[in-house]
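Visitor:
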Amino acid sequence: MTTVDGQPVGGQPAPGQCLRTWLRDLGHLAPKKGCDAGDCGACTVLVDGEPTHSCVFPAVRAADADITTAAGLGSPGALSPVQQSFVDAAGFQCGFCTAGFVVTATALGDVPEADLGRSFKGNLCRCTGYRSVRDALLGRGGACGPGAGPGTAFGASVSAPAGPRVVSGGEPYTMDVAPDAARPTLHVALLRSPHPHARIVAVDTARAEALPGVRLVLTHHDAPTFRYSTARHESRDDDPDDTRLLDDVVRHVGQRVAVVVADSMAIARAATLLIEVGYEPLPAVFEPEAARQPGAPLLHGDKVASVARIAEPTRNVVAQSHGEVGDTARGLAEAVATVRGTWRTARVTHASLETHGARGWVDDDGRLVVRTSTQVPFLVRDELARILSLDADRVRVVTARVGGGFGGKQELLVEDVVGLAVLRLTERGLLLPGQAVQLELTREEQFTAVPCRHPMQVSVELGADAHGVLTAMVVDVLTDTGAYGNHAPGVMFHGTHESIALYRCANKRLDAEAVYTNNLPSGAFRGYGLGQVIFAIESALDELAREVGLTPAEVRRRNAVRPGDALVVNGAADVDLVFGSYGLDQCLDLVEAALAAGDGDPVPADTAGPGAVGWLVGEGLAAGMIATIPPRGHHAEARVTAYPDGEVVVGVGTTEFGNGTSTVHVQLAADELGVGVDRVRLEQSDTDLVGYDTGAYGSTGSVVAGSAVVQAARSVRAELDRLRAGGAVPTEPVTATGSSDGALRSLAFSVQGFRVAVAPATGEVRILKSVQAVDAGVVINPEQLRGQVEGGVAQGIGSALWEEMVLRDGEVLTKTLRDYRVPQLGDVPPTEVLYADTYDTLGPRGAKSMSEAPYNPVAPALANAVRDATGVRPCEIPMSRDRVWRLLQTRNDQENPDEQ
Ligand code: FES
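Now the structure itself:
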């Protein structure tokens, strides 16, 4: 007899079904679907005590086995020691990986610290950077706690409220819904384009529709003609209207061609293969420089620029910025030192362990309900209503805990398909009230069809006087937005803003264009373009420091903006962006001192054998500045209710995807009302239940929604004080609302430093020391902030050293986490995290945001350290072994020209 978590189970799995899917079909939802390939470990269960990736384990092989999931190891009220250790060490952020880690750790028992990397290479975490996971695995918890009582929440390392549910596999993510035998879920599969550019001239769905179990097939003939952007912003005019739900022209490999809804995923997938599509291939272009040249194939040449909001559709340019302040030619002529170069960044993906997914149904009132893994439920609701021609109040969007976002879930990628399918099935009487239609992207679809980070080419020319003071700054940026312009204008403008505005210089010029190509669309990614542009500017500045004989920290001290300076790019300065506080100077001091301390890992021993030579050691640093709120409006409403029994309920619209805002909001409310955090309950991210929120992006969860929570809680406190002053004992709930519109925006800073060793024989880069100092204002939750920084640095190291999506003629070839090379536990070094001591006059109780900032300076700091070690400048990321090795050959060729 087969048992799951000690309970006997009956029935047989479907032919070919993996153990994970079978378990989830039975309602055992602790094992998560992360990759389908045995790479991520989110689905790990014990099969007769053996840790097993259930996504690659045939369910039939589990016959008569005892299967244990994380839910079988403990429960929120009775956690196992391993589960408790993950709570105590704050060993998770989004938590999608955590149940798998808990299962593996339980099976392996005590693992020596030196063996953790090897033992847990089958469990990936994208959020934490692994330090807190290591602490949890080694039982080094205790950094976090439940809060010591009333008045102690603010500034304390309070545990995430969802912790006990996350570690025991009971926290429901979007797809974690118990099966309903009376209303079985229908499944969606998508037929996708094999061509990078083609017109669909014929489509025959008859054979697919005839397949037993198929409920619905949709093509462009069935789709609304309304055009929109998958990118979501407060102002929908921020992005071009260039996308149709199903189009008769495909512009990249992997674009949707048809939708199949069926009784099972297997049937839906089989039906997609029966759809016959006639394509007329069109010329394609894959290089952005070629795409903007005369005569290049046009992707959206049929669109009217002013209507679709595309800068130059006849040149494939979706957005552009050209302008100069001062006189850069004169500034360069007057300089005593100049530096010029071109830097390139690869295409990288978010690799959130939870893929995009949504479930939709019609409720008892005939309204469309969509439960979706999104960072922006209100923006999804509003655009979904437009796409489907519904009033916004006829749509409800619900978001559960999101399994990682990093900007990738600031797109509307699955909700439109699910919504259309629900409406069409309902019109045809094929869907029961409450019966759900579900679309869950595979890991391969995440790689081949979900927008990635914009690859960029950035040319920089800097001039400086004899004191190292900038006299000219010339930046030219070309971004590849792929087939659609979602986030292209925003990423281009933001990426070139705080990166250039960080430095005072009388003469600046910026030329930037975002260009369509027949590649996978690019989109929002942590840092929103800053990471790419900062890589170039901070590298160039490092080179300039060498030219004028300054240290990396000193050249930044002499040139970085300070309170009172205007924030200038290539035109008028933003009037709503101000210095609410300033900690860059402290960050530079802290990192410089940390590197000078000389600690960290020792230089590796030399490898023996022919050709072995000594490791080259060097240090580098880089700085970053980021606005704490995106421009053009970001709104949040909060509602706080204090009940007579002491319970407090906080309602916020923003979502929790591992950024920790839920914990921060609970802390803020508890502290304002003088109650323990255990008395505060959160309601969030349901467009019916809570007030409007633009969404969880731009690092706004703490600053914007947090300000609204503080405002609401203070109003409640004032009313309670008024009642008590009058001698009354509150017998009814007291409720107040607060709001924030992000009208005045502050600036946050971060400085990253590295010491590295480079092996000349192989090009391997080893990080001996990593340190980041951040200016996050007043720290609300030190342990949580530390985790955000460590996670950002780890993601930055991945982008800088290993991660790269490989495309050939527009087709993505890296389709698995293994091929793409997401950092494993053993890959990521520890990062020392230091805090500047500042108080922000604009943020809630002095705090600033810190979700994106830690990522941005990582790549240039690493490149600067490699340059310091090797004497040659890396101008392309990732700095993979082969690239660094080839770079070293150019140095050798220059040093030994006669040997060539
Ligand atoms: Fe590990 Fe999010 S906490 S993947």
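Using the numbering used here, read the sequence shown as starting at 307 and increasing by one per residue. C-beta: ideal position from N, C-alpha, C; glycine also. Every value quoted in this text rests on a predicted model; they were computed, and no experiment measured them.
For the segment 540-578, list the beta strand (DSSP E) runs that are entirely contained and at least 3 residues long, ordered along the chain.
Guide: 562-568
Visitor: Between Lys427, Gln973, Phe392, which lies nearest to Arg1124 when the distance is taken from Cα to Cα?
Guide: Lys427
Visitor: To test your reading of the DSSP string, which unbroken beta strand (DSSP E) runs of 3 or more residues are found completely within the segment 744-805?
Guide: 762-770, 776-788
Visitor: Identify which residue in Ala755, Val393, Phe592, Asp569 has its Cα closest to the Cα of Ala657.
Guide: Ala755
Visitor: Extract the residue ranges of the beta strand (DSSP E) inside the segment 360-441, only unbroken runs of 3 or more that lie entirely within it.
Guide: 372-374
Visitor: If you draw a straight line from the alpha carbon of Tyr822 to that of Val783, how long is it in whole angstroms?
Guide: 14 Å
Visitor: With DSSP collapsed to three states, give me the class of Tyr809.
Guide: In the displayed model, Tyr809 falls within a strand according to three-state DSSP.
Visitor: Could you pull out every residue in the same chain whose Cβ sits closer than 6 Å to the Cβ of Cys811, ignoring the five residues on either side in sequence?
Guide: Taking Cys811 as the centre and dropping the five residues before and after it, the same chain places the C-beta of Leu776, Met779 closer than 6 Å to its C-beta, in chain order.
Visitor: Going by the beta-carbon positions, is the gap between Val645 and Ala846 smaller than 9 Å?
Guide: Inclusion of Val645 and Ala846 in the CB contact set at 9 Å is warranted, their separation being smaller than that value.
Visitor: Can you tell me where the beta strand (DSSP E) with Arg677 in it begins and where it stops?
Guide: 674-678
Visitor: By alpha-carbon positions, which one of Ala1175, Ala1106, Glu1201, Asp482 ends up nearest to Ser1186?
Guide: When Ala1175, Ala1106, Glu1201, Asp482 are compared, the shortest CA-CA separation from Ser1186 is found for Ala1106.
Visitor: Name the DSSP beta bridge partners of Tyr585, please?
Guide: Ile506
Visitor: How big is the Cα-Cα spacing for Thr680 and Val708?
Guide: Distance between the alpha carbons of Thr680 and Val708 is about 7 Å.
Visitor: Who does Cys349 pair with in a DSSP beta bridge?
Guide: Answer is none; Cys349 lacks a bridge partner.
Visitor: Flag Gln1094 as yes when its Cβ comes closer than 8 Å to any non-hydrogen atom of ligand 1, and as no otherwise.
Guide: no
Visitor: In angstroms with no decimal places, state the Cα-to-Cα distance between Gly924 and Arg437.
Guide: Cα to Cα, the separation comes out at about 24 Å.
Visitor: Taking only the alpha-carbon atoms, compute the straight-line gap between Ala377 and Val583 and give it to the nearest angstrom.
Guide: The straight-line gap from Cα to Cα measures roughly 45 Å.
Visitor: What does a CB cutoff of less than 8 Å around Val1099 pick up in its chain, not counting 5 residues either side in sequence?
Guide: Gly435, Gln1058, Ser1076, Gln1078, Thr1137, Pro1160, Tyr1161, Val1164
Visitor: Quick one: using the 10 Å Cβ neighbour count with 16 as the cut-off for buried, is Pro1129 buried or exposed?
Guide: buried
Visitor: My assumption, with CB atoms under 8 Å, is that Gly769 sits in contact with Leu638. Please give the rounded CB distance.
Guide: 4 Å
Visitor: Using a Cβ-Cβ cutoff of less than 6 Å, which residues in the same chain neighbour Gly833 once the five nearest sequence positions on both sides are dropped?
Guide: Closer than 6 Å at Cβ, skipping near neighbours: Glu1158, Tyr1161, Asn1162.
Visitor: List the whole-angstrom C-beta distance separating Leu836 from Gly801, where the pair is believed to meet the contact cut-off of C-beta under 8 Å.
Guide: Going by Cβ atoms, the distance from Leu836 to Gly801 rounds to 5 Å, so yes, they are a contact pair.
Visitor: Taking the C-alpha atoms as reference points, what is the distance between Val362 and His334?
Guide: 17 Å
Visitor: Near Ser1005, what residues of its chain come up, given a Cβ to Cβ distance below 6 Å and the 5 sequence neighbours on each side ignored?
Guide: Ser1155, Ser1157, Glu1158
Visitor: Measure the alpha-carbon distance for Pro382 versus Ile843 and round it to whole angstroms.
Guide: 48 Å
Visitor: Would you list, in sequence order, the uninterrupted beta strand (DSSP E) runs of no fewer than 3 residues that lie entirely inside the segment 874-954?
Guide: 922-933, 942-948
Visitor: Are at least three pairs of beta-carbons, each pair with one atom in the segment 1008-1026 and one in the segment 481-488, less than 8 Å apart?
Guide: no
Visitor: Hey, how far is the Cα of Val874 from the Cα of Ala596?
Guide: 31 Å
Visitor: Please confirm whether Pro936 and Gly713 have their CB atoms less than 9 Å apart.
Guide: no
Visitor: Rank Leu1148, Ala789, Arg665 by C-alpha distance to the C-alpha of Gly729 and give the top, closest one.
Guide: One point to set straight first is that residue 729 is Leu, not Gly, in the sequence displayed. Of the candidates Leu1148, Ala789, Arg665, the one whose C-alpha sits nearest the C-alpha of Leu729 is Arg665.
Visitor: Return the residue from the list Leu1193, Pro319, Phe1060 that minimises the CA-CA distance to Gly904.
Guide: Phe1060
Visitor: Do you know how far the Cα of Gly397 is from the Cα of Thr787?
Guide: 35 Å
Visitor: Would you check if there are 3 or more beta carbon pairs closer than 8 Å linking the segment 929-946 to the segment 1032-1048?
Guide: With the cut-off at 8 Å, the segment 929-946 and the segment 1032-1048 touch.
Visitor: Going by the CB atoms, is the gap between Glu721 and Thr661 shorter than 9 Å?
Guide: Contact: no.
Visitor: From Pro950 to Leu1026, what does the alpha carbon distance come to, in whole angstroms?
Guide: 10 Å
Visitor: Using DSSP with H/G/I as helix, E/B as strand and the rest coil, what is Ala866?
Guide: strand
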